[in-house]
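Protein sequence lines correspond, in order, to chains R and S. Taken in order, the first sequence gives residues 1 to 365; the numbers are from this note's numbering. Taken in order, the second sequence gives residues 366 to 623; the numbers are from this note's numbering. Yeah, the Cβ is synthetic: ideal placement off N, Cα and C, and Gly gets one too. Just so it is clear, the structure is predicted and the values come from calculations on it, not from any experiment.
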Amino acid sequence: MLEIANLSVQAGSFVLSNVSLKVLPSSCHVILGPTGSGKTLLLESVIGLRDPKEGKIVLEHRDITGLPMEKRKLSYVPQDLALFPHMTVRENILYPLKIRGAHQDTETGIVRELIDSLTIRSLLDRRIANLSGGERQRTALVRAILSGGKYLVLDEPLSALHESLKTELRYLLKDLKRRYDLAILMVTHDLEEAFFLGDTISVIMDGKLLQQGEKREVYRRPHSEEVARFLGISNIFRGKIESINDDSLAVRCEGLGVTLALSSQLPKLIVRPNEDVIFGIRSEDVLILTSGEFMSRATNIINGTVIDHFDTGASHVVIASCGSGSKNIEITLHSTAAKELNLAAGQPILVKAPKESLFLIVPPV
Amino acid sequence: MTFRKISIAFSLATFGIYALLILSLFYFFRGETLWDTLRSERTLFSIRLSIVAATISTLLSVLIAIPSAFALSRYDFPGKRAVDTILELPMIVSPAALGAMLLIFFNNPVGLWIQDHGTQFVFTFYGIVLAQFLTVCGVTTRLIKAAMDEIPCRYEAVARTLGASPWRAFVTITLPLSKRGIYAALILSWAKALGEFGATITIAGSMAMKTETLPIAIFMRLSSAEIEGSVILILILVSIGLSILYIVRLISSGASYA
Chain R
1 MLEIANLSVQ AGSFVLSNVS LKVLPSSCHV ILGPTGSGKT LLLESVIGLR
51 DPKEGKIVLE HRDITGLPME KRKLSYVPQD LALFPHMTVR ENILYPLKIR
101 GAHQDTETGI VRELIDSLTI RSLLDRRIAN LSGGERQRTA LVRAILSGGK
151 YLVLDEPLSA LHESLKTELR YLLKDLKRRY DLAILMVTHD LEEAFFLGDT
201 ISVIMDGKLL QQGEKREVYR RPHSEEVARF LGISNIFRGK IESINDDSLA
251 VRCEGLGVTL ALSSQLPKLI VRPNEDVIFG IRSEDVLILT SGEFMSRATN
301 IINGTVIDHF DTGASHVVIA SCGSGSKNIE ITLHSTAAKE LNLAAGQPIL
351 VKAPKESLFL IVPPV
Chain S
366 MTFRKISIAF SLATFGIYAL LILSLFYFFR GETLWDTLRS ERTLFSIRLS
416 IVAATISTLL SVLIAIPSAF ALSRYDFPGK RAVDTILELP MIVSPAALGA
466 MLLIFFNNPV GLWIQDHGTQ FVFTFYGIVL AQFLTVCGVT TRLIKAAMDE
516 IPCRYEAVAR TLGASPWRAF VTITLPLSKR GIYAALILSW AKALGEFGAT
566 ITIAGSMAMK TETLPIAIFM RLSSAEIEGS VILILILVSI GLSILYIVRL
616 ISSGASYA
């Protein structure tokens with residue numbers, strides 16, 4: 001296990017403070033945050049490029065905080081990949097073996113296996129300048145894995161690639177992790193990439209670790225409005241708790257009564273009646289009902305009016321006003337559903353916010 | 366007249382001034398003097414002395430400049446700003462003043478001790494090498510540092526995460542990547558050392574067949590009104606210098622790794 005405990009790092013006036021996280025063997029921990037949040041600074045401290053002000057880094061029960069980079073056994077792939085431009089692809093991938101004085105043969109063992117499975121055999125004698133983005137990415141991954149470490153540290157690994165290559169490499173990373181039993185610590189600002197690759201996720205903003213946990217938990221239960229907005233949740237509302245029952249709580253918001261399901265992640269004891277709360281729902285969890293569905297789904301059905309709607313290709317985004325009309329709700333529909341509903345601006349609709357999908361935005365207990 | 370034409374006119378005018386200077390040498394050019402000068406033992410000695418001293422001083426300065434340029438490029442350390450500033454000393458102090466400083470140093474107790482117990486520098490070949498070394502070392506360091514600044518530190522960081530020690534990372538990554546810059550620094554420093562005059566004559570004097578480098582020989586011939594002889598020596602120096610600069614251009618215009 002790679003454990004980062006209470007790590008604080010300073011770079012000029014920017015401070016990354018008190019970050020603690022764990023990367024379990026064979027798992028992928030993603031550090032998610034906007035540009036300038038301190039993600040790369042954290043990675044650079046982990047690999048030993050920067051000295052932390054406080055805290056420690058422990059790899060498999062060994063404190064590596066003060067160790068030089070070459071002794072940490074962490075394989076690092078920076079954002080620009082840093083493939084050595086004066087070497088060929090072959091020389092690049094064999095570099096860690098050359099440094100270790102190990103046998104350098106592209107025709108045997110793991111080297112051959114990696115070259116073939118990442119389809120770089122035809123590139124072996126090429127210079128780095130003559131490679132495409134995807135070819136560079138695959139070369140950098142082979143080189144990092146051949147360094148022998150079981151922990152890969154990746155800085156925005158797919159950020160420079162176009163969408164189709166990103167998808168291909170996401171699958172490739174998953175496959176490499178499983179096949180070679182690798183643990184990955186990576187940073188990204190790409191939500192899709194983070195939730196696709198990560199088993200656990202840490203959200204960092206302005207040098208502070210705001211939330212971390214299993215990816216479903218982070219996706220479904222953001223702990224602050226800041227995190228919720230960064231995670232792309234646009235439907236965030238303020239209300240007052242009216243009552244708390246065994247499995248739900250009633251909230252009044254903009255003159256409307258809304259019911260939220262209480263889950264194991266949200267113990268009753270952290271909220272009280274008459275308390276002001278913030279709650280939210282993902283736009284893809286909001287439903288637009290046809291009249292036939294009305295009776296069977298009676299909770300949290302609100303009358304609304306379509307303000308605008310946008311076709312984004314695979315989906316359709318509808319902006320609707322609800323309740324007193326001072327707060328809009330965003331609804332993401334599948335294109336086929338949107339086509340069937342045949343929505344138009346000004347059209348009255350029934351909006352359903354399933355109580356299981358609504359969540360309170362509260363700090364953890 | 367457009368701005369483009371004006372700026373090109375200025376650049377051609379600059380070329381014209383230097384070209385005119387070189388061409389004007391041919392007014393005093395005599396074929397028979399060329400032959401006599403090239404056969405002269407004293408001229409051949411000056412050429413040989415200049416080339417040997419410039420080569421040694423340049424190699425010494427490159428050997429020192431490579432690690433110090435790396436330190437200045439990669440690390441923060443106490444006194445870094447002072448080191449960086451003092452590299453400009455040979456550029457802001459006239460060569461004669463630099464030579465005088467050397468002469469004064471070798472008349473101080475420390476300098477005298479070095480001369481008594483080590484090597485004689487004043488009025489010797491070693492004095493020439495030292496004067497040239499001091500003149501070019503700052504420039505060599507500055508040029509190599511500029512080449513190393515161009516190489517992202519991440520290359521070395523990645524090499525180290527792949528198992529390389531700082532020394533292996535330097536030898537296998539930084540040095541090969543800054544090779545072009547080091548060659549250019551080496552050649553330019555050599556050309557500058559070859560043409561060095563002020564510091565050399567101050568510390569080493571102008572003894573024929575002993576400390577008379579090519580620039581000193583030119584000065585000596587001019588002093589004794591041997592214009593035709595000076596012209597030949599100047600043309601030799603100009604030819605060597607321009608050839609060197611041409612090679613530098615060739616090296617720096619080659620394909621980059623980026």
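List the endpoints of the continuous alpha helix (DSSP H) containing residue i.
i, result
"Ile233 (chain R)", "Segment: none, Ile233 (chain R) is in no alpha helix (DSSP H) and carries neither H nor E."
"Tyr76 (chain R)", "Careful: Tyr76 (chain R) lies outside any alpha helix (DSSP H), inside the beta strand (DSSP E) at 74 to 77."
"Leu477 (chain S)", "474 to 482"
"Tyr491 (chain S)", "490 to 514"
"Val203 (chain R)", "That residue, Val203 (chain R), is in no alpha helix (DSSP H); its beta strand (DSSP E) goes 200 to 205."
"Asp155 (chain R)", "Per DSSP, Asp155 (chain R) belongs to no alpha helix (DSSP H); it is in the beta strand (DSSP E), 151 to 155."
"Ile387 (chain S)", "368 to 389"
"Ile609 (chain S)", "592 to 617"
"Ile583 (chain S)", "579 to 588"
"Ile115 (chain R)", "109 to 117"
"Val414 (chain R)", "This structure cannot settle anything about residue 414 (chain R), because the visible part of chain R is limited to 1 through 365."
"Leu172 (chain R)", "163 to 179"
Give the residues of chain S in contact with residue i, contact being defined as C-beta atoms less than 8 Å apart.
i, result
"Ala82 (chain R)", "Pro517, Arg519, Tyr520, Ala522, Val523"
"Leu74 (chain R)", "Thr526"
Start and end of the beta strand (DSSP E) containing residue i?
i, result
"Leu22 (chain R)", "With the sequence shown as reference, residue 22 (chain R) is identified as Lys, and Leu is not the correct amino acid for it. Per DSSP, Lys22 (chain R) belongs to the beta strand (DSSP E) from 14 to 23."
"Arg186 (chain R)", "The identity of residue 186 (chain R) in the sequence shown is Met, whereas the question assumes Arg. From DSSP, the beta strand (DSSP E) with Met186 (chain R) extends over 183 to 188."
"Ala418 (chain S)", "Not the beta strand (DSSP E): Ala418 (chain S) falls in the alpha helix (DSSP H), residues 406 to 439."
"Ala261 (chain R)", "256 to 261"
"Met572 (chain S)", "Premise fails: Met572 (chain S) is in no beta strand (DSSP E) and is neither H nor E."
"Glu214 (chain R)", "208 to 214"
"Thr332 (chain R)", "327 to 334"
"Lys352 (chain R)", "348 to 352"
Under 7 Å Cβ-Cβ, which residues of chain R neighbour residue i?
i, result
"Gly528 (chain S)", "Glu70, Pro96, Ile99, Arg100, Ser147"
"Arg533 (chain S)", "Ile99"
"Ala538 (chain S)", "A small fix is needed here, since residue 538 (chain S) is Ile in this sequence, not Ala. By Cβ distance, chain R contributes Phe84."
By Cβ distance below 8 Å, which residues in the same chain neighbour residue i in space, the five residues on each side in sequence not counted?
i, result
"Gly503 (chain S)", "Ile451, Leu452, Glu453, Leu454, Pro455, Met456"
"Ser8 (chain R)", "Val15, Leu16, Ser17, Asn18, Val19, Pro52, Lys53, Glu54, Gly55"
"Ile301 (chain R)", "Leu289, Phe294, Leu350, Val351, Lys352"
"Ser459 (chain S)", "Gly563"
"Val251 (chain R)", "Gly239, Lys240, Ile241, Glu242, Gly257, Val258, Thr259, Leu260, Val277, Phe279"
Just to confirm my understanding: we take residue i, look at its own chain, exclude 5 residues before and 5 after, and list those with CB closer than 6 Å. What are they?
i, result
"Val23 (chain R)", "Leu2, His29, Ala183, Leu185"
"Ser376 (chain S)", "none"
"Thr65 (chain R)", "Lys56, Ile57"
"Ser357 (chain R)", "Ile281, Asp285"
"Thr408 (chain S)", "Thr402"
"Ala461 (chain S)", "Gly563, Thr567"
"Tyr520 (chain S)", "Ile538"
"Glu135 (chain R)", "Leu123"
Report the neighbours of residue i on chain R: residues whose CB is nearer than 9 Å to its CB, in chain order.
i, result
"Leu542 (chain S)", "Phe84, Pro85, His86"
Keeping to the same chain, check which residues put their C-beta closer than 7 Å to that of residue i; ignore five residues upstream and five downstream.
i, result
"Arg90 (chain R)", "Thr106, Leu124, Asp125"
"Ile552 (chain S)", "Ile609, Ile612, Val613"
"Arg366 (chain R)", "What the structure shows of chain R is the stretch from 1 to 365, and residue 366 (chain R) is not part of that stretch, so it cannot be assessed."
"Arg220 (chain R)", "Phe359"
"Lys98 (chain R)", "Gln104"
"Leu390 (chain S)", "Val596, Ile599, Leu600"
"Arg439 (chain S)", "Cys518"
"Ala569 (chain S)", "Phe488, Thr489, Gly492, Ile493, Ala496, Thr576"
"Phe366 (chain R)", "It is not possible to answer for residue 366 (chain R), since the shown part of chain R is limited to 1 through 365."
Which residues of chain S have a Cβ atom closer than 7 Å to the Cβ of residue i, listed in chain order?
i, result
"Pro78 (chain R)", "Arg519, Val523"
"Leu49 (chain R)", "Ala522"
Provide the residue(s) that pair with residue i in DSSP beta bridges, ordered along the chain.
i, result
"Asp308 (chain R)", "R:Ile319"
"Val58 (chain R)", "R:Glu3, R:Asp63"
"Leu249 (chain R)", "R:Ile244, R:Leu260"
"Leu360 (chain R)", "R:Phe279"
"His86 (chain R)", "According to DSSP, which records beta bridges pairwise, His86 (chain R) is partnered with nothing at all."
"Phe237 (chain R)", "R:Phe279"
"Gln485 (chain S)", "Gln485 (chain S) pairs with nothing; no bridge assigned."
"Ala11 (chain R)", "R:Phe14"
"Arg127 (chain R)", "R:Thr88"
"Ile288 (chain R)", "R:Val351"
What does residue i reach in chain S if we use C-beta pairs closer than 9 Å?
i, result
"Ser45 (chain R)", "What Ser45 (chain R) touches in chain S: nothing, since even the nearest Cβ is about 12 Å away."
Residues, ordered as in the chain, of the stretch 429 to 455 of chain S that lie near chain R by beta-carbon distance below 7 Å:
Under the 7 Å Cβ criterion, the stretch 429 to 455 of chain S contributes no residue.
*asked:* For the stretch 130 to 156 of chain R, list every residue whose C-beta sits within 9 Å of some C-beta in chain S, in sequence order.
replied: Listed by position, the residues of the stretch 130 to 156 of chain R near chain S (Cβ gap below 9 Å) are Ala140, Arg143, Ala144, Leu146, Ser147, Gly148, Gly149, Val153.
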